[in-house]
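Under the working numbering, the sequence shown has 163 at position 146, and the numbering climbs by one with no breaks.
Using N, Cα and C, we set each Cβ at its ideal position, and we do this for glycine too.
Please read the structure below before turning to the comments.
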Amino acid sequence: MFNTTAWNRLRYSLYAPLYDAVAERAFRRPRRIALDQVTWHPGMRVLLVGAGTGLDLPWLPRDVEIHATDLSPAMVRRAQRRAEALGMDVQVAEMDAEALAYPDDHFDVVVMHLILAVMPDPARGIAEARRVLGDDGQLCVMDKFQADDYPASVTRRTLNALTSAIATDITRQARPLLEGAGFTIEQDTPVMMGRLFRALMARPI
Ligand SMILES: C[S@@+](CC[C@H](N)C(=O)[O-])C[C@H]1O[C@@H](n2cnc3c(N)ncnc32)[C@H](O)[C@@H]1O
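The following block contains the structure:
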């Protein structure tokens, strides 16, 4: 009920000043593992969807073209500042992941870290990622997921009513989501808390 795009814009604007203190160290290793699963080439066009404060930026190659987008203006400002502090030329824009303002087949890599479990309609977010990704593209996902082979328990679904309102959904399943959008998963690595957090690299079928 609470998980709407308007609520996410508001709450992430409130979380923005505290975000790095909570997420920078905790997710450093998972995000590096996820980004290492991508095959990088100079000149690639890369899109960060729901980029937050730009914590992925330090771990990206310097010889690629980077676009970073987020729903929250406060996050966008911080991502811009981080790019400047790192001396990186990043195109930063406020944008809804469910309606990306880019043409079809525009990117070589789309990075979705800790956003699929946050946005109200992840299937739409993944469909948008597929649309803007070229046929040889790579989708880099790092997030928390329910196991693919069985649905969330009643306890987990009950707890989810709270976690999805203030933080994140804990019942989403990666494989149905990605395969349903026309991706094949090439790498799937547990990165934190057992298999709760996973780093996936997928390509369009
Ligand atoms: C948990 S943070 C992850 C930030 C960053 N990707 C990271 O790995 O640190 C989720 C981010 O998704 C953004 N977000 C939520 N819904 C969104 C949407 N519909 N479109 C774009 N960004 C969204 C939030 O503003 C927030 O910055």
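Using only the heavy atoms of ligand 1, determine whether one of them is closer than 7 Å to the beta carbon of residue 82. no
Could you tell me the boundaries of the beta strand (DSSP E) in which residue 210 lies? Unbroken run through residue 210: none, as it is neither H nor E.
How many Å lie between residue 197 and residue 120 at the Cα? 21 Å
Enumerate in chain order the residues of its own chain whose CB-to-CB distance from residue 207 is below 6 Å, with the five nearest sequence positions on each side excluded. 215
For residue 221, does the three-state DSSP call read helix, strand or coil? strand
Within a Cβ cutoff of 6 Å, which residues of the same chain sit near residue 20, ignoring the five residues on either side of it in sequence? 137 and 181
Can you list, in chain order, the residues of its chain whose CB lies under 7 Å from that of residue 26, leaving out five sequence neighbours each side? 88 and 89
Which residues bound the beta strand (DSSP E) around residue 83? 82-87
Residue 151 by DSSP, collapsed to three states: which one? strand
Which partner residues does residue 129 have in the DSSP bridge list? 158
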